[in-house]
Amino acid sequence: MEKLYNKRRSQHFLLLLRYWRLVFNDHFMIALFVFLGALIWGYSQALDQLTPPIWWARPITIVILLILLQFGRLATLLKPADPVFLLPQSKMMDHYLKQAARYSLLLAELIVVGCTVIVMPFLMSATQTTNWQAGIIIITVMLLKYSWMDFSLLRLYRRNFQQNSIKWLLQWGCPAIILIVTLLVNAIAGMVLALLLLVFTKYQLSQLKHQLFNWRLAVATESQRMLGVYRFFNLFTDVPAVQGTIHRRKYLDFMLTFLNRDKTVFSYLYARGLLRGTEVSGLIVRLTLIGMVIVFFVPEFWLNLILFLLFIYLIAVQIMPFYWQYDSHVFTYLYPIKVETKMKSFKKMMVKIMAIVGGLLWLASLTTQISLTGMGIKLILGILEIWLLGGVYATSRINNKKSK
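Following this note's numbering, the numbering of the sequence shown begins with 64 at its first residue and continues without gaps.
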């Protein structure tokens, strides 16, 4: 069983590597370096402006650390057919799951500890937290993540741990209480409580000798975890494993009127598909919210301007594949409509969406930009970029695809 997990882990690495190559292309790497540089520079500038003590710093840190603990799940790498073919090996699954737990815990601890280390300068700048207290907080978070991962393993065996109330208690409730004690009462007391919670989960794991493995829950949990991974990759490239769903969003009917103002066939199709689909619309919403948060916290004008223009470009790049959304539908070829009309409808919709996105990003940056001249420059450049993206860029992308 250990060899089986090692083999599947190698296959999993190859799958991730194939998608990572598509994600980390030249354009994305340039954008990523600019984004990280701007984020680090803005973070350091914001820390210099803090004047301790700040009363809300510790509660905010507790919420951030509690959310960070939810990152990094148990990667069992089980497949839907395993309950049939591996059922005779149910008693040997503990060897398989030990390998899975070690691999998952290592990755999860690296993520959680790395993010906690990034949060600690904020806590130390906004409060009277010392270096040794910060170190104890990091150790406490590591212990909490260890017990969190053990609980994920317990749920695959113990029926009482599969209840939603117990799940919320051990994954959210207990860590929240321990973090509150650590940051608001005493750091050492919080670390001791985290250690006791880990001892509790380890004891429960030692009592699993005669427990039946829940194959259905294990496969469903792993499928849900991989769906989250595929959705991340789907932000940058097409992933066959992710299938978009359709929802009737009545509250967006006013947007349908706005996007379908010229009343053409493809204008109607694009507007309906964008508002009812979850793939492209969800991507636009997520990127817009991330961009709004970033430009909100970056005070430097030139850096804020670059990020403002960068996010408009990134969202435009993600909208472009929607032009070919209906090319696989045979009935669209029966319409007596010219390709130029289709292109014109798409470009109009794209400009309208980018105008909304650009307006939201511009409004979010108002909190850091007091200069009317600076905001005017940003508005003019944003309008110019949207006009170029909806005209020259969209036409070039479509024509290049046709030539291929």
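Every residue, glycine too, gets a C-beta built ideally from N, C-alpha and C.
Practice task
Mind the definition here: the stretch 140–159 touches the stretch 107–118 only if three or more C-beta pairs lie below 8 angstroms; say whether that holds.
Solution key: no
Handout entry: Identity of the residue in 97, 147, 141, 176 nearest residue 132 by Cα
Key = Locating residue 132 in the sequence shown gives position 69, counting from the first residue. The shortest Cα separation from residue 132 among 97, 147, 141, 176 belongs to 176.
Practice task
Assuming residue 281 contacts residue 219 (C-beta within less than 8 angstroms), just tell me the rounded distance between them.
Solution key: Position 218 of the sequence shown, counting from 1, holds the residue named residue 281. Position 156 of the sequence shown, counting from 1, holds the residue named residue 219. 5 angstroms between Cβ atoms; contact.
Exercise for the section: With a cut-off of 8 angstroms on the beta carbons, I'd call residue 427 and residue 355 a contact; round off their distance for me. Expected result: For the purposes of this step, residue 427 is taken as the residue at position 364 of the sequence shown. For the purposes of this step, residue 355 is taken as the residue at position 292 of the sequence shown. Sure, about 4 angstroms apart at Cβ, within 8 angstroms.
Handout entry: Contact set for residue 212: own chain, Cβ-Cβ below 7 angstroms, skip 5 residues either direction
Key = Counting from one through the sequence shown, the residue named residue 212 turns up at place 149. Excluding positions up to five away in sequence, the list reads 137, 164, 167, 168, 171.
Exercise for the section: Take every Cβ of the stretch 339–349, pair it with every Cβ of the stretch 372–384, and state whether three or more of those distances are shorter than 8 angstroms. Expected result: yes
Exercise for the section: Please determine, among 414, 350, 390, the residue with the shortest C-alpha to C-alpha distance to residue 464. Expected result: Counted from its first residue, the sequence shown places residue 464 at position 401. Closest by alpha carbon: 390.
Exercise for the section: State the CB to CB distance for the pair residue 264 and residue 210, rounded to an integer number of angstroms; the pair is presumed to be in contact (CB under 8 angstroms). Expected result: The residue given as residue 264 occupies position 201 in the sequence shown. The residue given as residue 210 occupies position 147 in the sequence shown. Right, their Cβ atoms sit about 5 angstroms apart.
Practice task
Classify residue 135 as helix, strand or coil using the three-state DSSP reduction.
Solution key: As a first step, residue 135 must be located in the sequence shown, where it is residue number 72. In the structure shown, residue 135 sits in coil (DSSP, three-state: anything other than H, G, I, E or B).
Exercise for the section: Taking only the alpha-carbon atoms, compute the straight-line gap between residue 334 and residue 420 and give it to the nearest angstrom. Expected result: What you label residue 334 is simply residue 271 of the sequence shown in a count that begins at 1. What you label residue 420 is simply residue 357 of the sequence shown in a count that begins at 1. Cα-Cα distance, rounded: 16 angstroms.
Practice task
Classify residue 103 as buried or exposed, calling it buried when 16 or more other Cβ atoms lie within 10 Å of its own Cβ.
Solution key: Stepping through the sequence shown from its first residue, residue 103 is reached at position 40. Answer is exposed; the Cβ neighbour count stays below 16.
Exercise for the section: Give a yes or no on whether the C-beta atoms belonging to residue 206 and residue 258 are separated by under 8 angstroms. Expected result: Your numbering for residue 206 matches position 143 in the sequence shown. Your numbering for residue 258 matches position 195 in the sequence shown. Yes, the Cβ-Cβ distance between residue 206 and residue 258 is below 8 angstroms.
Exercise for the section: Indicate whether residue 412 and residue 378 have their beta-carbon atoms separated by less than 8 angstroms. Expected result: For this step, residue 412 is matched to residue 349 along the sequence shown. For this step, residue 378 is matched to residue 315 along the sequence shown. Going by C-beta atoms, residue 412 is not nearer than 8 angstroms to residue 378.
Exercise for the section: List the whole-angstrom C-beta distance separating residue 235 from residue 129, where the pair is believed to meet the contact cut-off of C-beta under 8 angstroms. Expected result: Translated into positions along the sequence shown, residue 235 becomes position 172. Translated into positions along the sequence shown, residue 129 becomes position 66. Their Cβ separation, rounded to whole angstroms, is 7 angstroms, which keeps residue 235 and residue 129 in contact under 8 angstroms.
Handout entry: Cα-Cα separation, residue 251 to residue 178
Key = Taking the first residue of the sequence shown as position 1, residue 251 is located at position 188. Taking the first residue of the sequence shown as position 1, residue 178 is located at position 115. The alpha-carbon atoms of residue 251 and residue 178 are separated by roughly 21 angstroms.
Problem - Cα-Cα separation, residue 483 to residue 376 - result: Residue coverage of the chain in this structure runs from 64 to 467, which leaves residue 483 outside it and unanswerable.
Practice task
Have a look at 65, 327, 337, 243 and flag the residue whose alpha-carbon is nearest the alpha-carbon of residue 318.
Solution key: By 1-based counting over the sequence shown, the position of residue 318 is 255. Checked all of 65, 327, 337, 243; the closest Cα to residue 318 is 337.
Exercise for the section: Would you check if the distance between the CB atom of residue 268 and the CB atom of residue 217 is smaller than 8 angstroms? Expected result: Counting from 1 along the sequence shown, the entry for residue 268 is found at position 205. Counting from 1 along the sequence shown, the entry for residue 217 is found at position 154. Yes, the pair counts as a contact, with Cβ atoms nearer than the cut-off.
Problem - residue 197 versus residue 408 - alpha carbon distance - result: Taking the first residue of the sequence shown as position 1, residue 197 is located at position 134. Taking the first residue of the sequence shown as position 1, residue 408 is located at position 345. Between residue 197 and residue 408, the C-alpha separation is close to 56 angstroms.
Handout entry: For residue 64 and residue 278, the rounded distance between their alpha carbons
Key = What you label residue 278 is simply residue 215 of the sequence shown in a count that begins at 1. What you label residue 64 is simply residue 1 of the sequence shown in a count that begins at 1. So the two alpha carbons sit approximately 15 angstroms from each other.
Exercise for the section: Note the first and the last residue of the continuous alpha helix (DSSP H) segment covering residue 387. Expected result: Sequence index remark: in the sequence shown, residue 387 carries index 324 (1-based). Careful: residue 387 lies outside any alpha helix (DSSP H) and carries neither H nor E.
Handout entry: Cβ neighbours of residue 361 in the same chain (closer than 7 angstroms, five flanking residues each side left out)
Key = For the purposes of this step, residue 361 is identified with residue 298 of the sequence shown, where counting begins at 1. Same-chain partners within the cutoff: 101, 105, 367, 370, 431.
Practice task
Tell me where the alpha helix (DSSP H) around residue 118 begins and ends.
Solution key: Residue 118 sits at position 55 when you count from the first residue of the sequence shown. Element bounds for residue 118: n/a, residue is neither H nor E.
Problem - Residue range of the alpha helix (DSSP H) that includes residue 285 - result: Position 222 of the sequence shown, counted from the first residue, corresponds to residue 285. That run of the alpha helix (DSSP H) goes 278–296.
Practice task
Quick one: grab the DSSP three-state call for residue 220.
Solution key: The residue labelled residue 220 in the question sits at position 157 within the sequence shown. Three-state DSSP puts residue 220 in coil, outside helix and strand.
Problem - Distance CB(residue 134)-CB(residue 93) smaller than 8 angstroms - result: Reading the sequence shown from its first residue, position 71 is the one you call residue 134. Reading the sequence shown from its first residue, position 30 is the one you call residue 93. No. Outside cutoff.
Problem - Close beta carbons around residue 405, own chain, < 7 angstroms, minus the five adjacent residues each side - result: Working through the sequence shown from its first residue, we reach residue 405 at position 342. The answer, listed in chain order, is 329.
Practice task
Check residue 392 in the structure and name its three-state DSSP category.
Solution key: Locating residue 392 in the sequence shown gives position 329, counting from the first residue. Coil.
Exercise for the section: Can you say whether residue 365 is buried or exposed, counting buried as having 16 or more other CB atoms within 10 angstroms of its CB? Expected result: Walking along the sequence shown from the start, residue 365 turns up at place 302. That one is exposed.
Exercise for the section: Could you tell me if residue 424 is buried or exposed, where buried requires 16 or more neighbouring beta carbons within 10 angstroms of its beta carbon? Expected result: Indexing the sequence shown from 1 puts residue 424 at position 361. Buried.
Problem - Where residue 162 falls, given that 16 or more other Cβ within 10 Å makes a residue buried - result: Within the sequence shown, numbered from 1, the residue matching residue 162 stands at position 99. Result: buried.
Exercise for the section: Could you give the DSSP three-state label for residue 143: helix, strand or coil? Expected result: Counting from one through the sequence shown, the residue named residue 143 turns up at place 80. Residue 143: coil per DSSP, three-state reduction.
Exercise for the section: Would you grab the beta carbon distance between residue 410 and residue 439 for me? Rounded to a whole angstrom, and I think it's under 8 angstroms. Expected result: Walking along the sequence shown from the start, residue 410 turns up at place 347. Walking along the sequence shown from the start, residue 439 turns up at place 376. Actually they are not in contact, since the Cβ atoms of residue 410 and residue 439 sit about 26 angstroms apart, beyond 8 angstroms.
Practice task
Could you please give the first and the last residue of the uninterrupted alpha helix (DSSP H) stretch that includes residue 184?
Solution key: As a working mapping, residue 184 is identified with position 121 in the sequence shown. Segment 156–189, the alpha helix (DSSP H) holding residue 184.
Exercise for the section: Compute the Euclidean distance between the alpha carbons of residue 271 and residue 144, then round it to the nearest angstrom. Expected result: As a working mapping, residue 271 is identified with position 208 in the sequence shown. As a working mapping, residue 144 is identified with position 81 in the sequence shown. Answer to the nearest angstrom: the Cα atoms are 24 angstroms apart.
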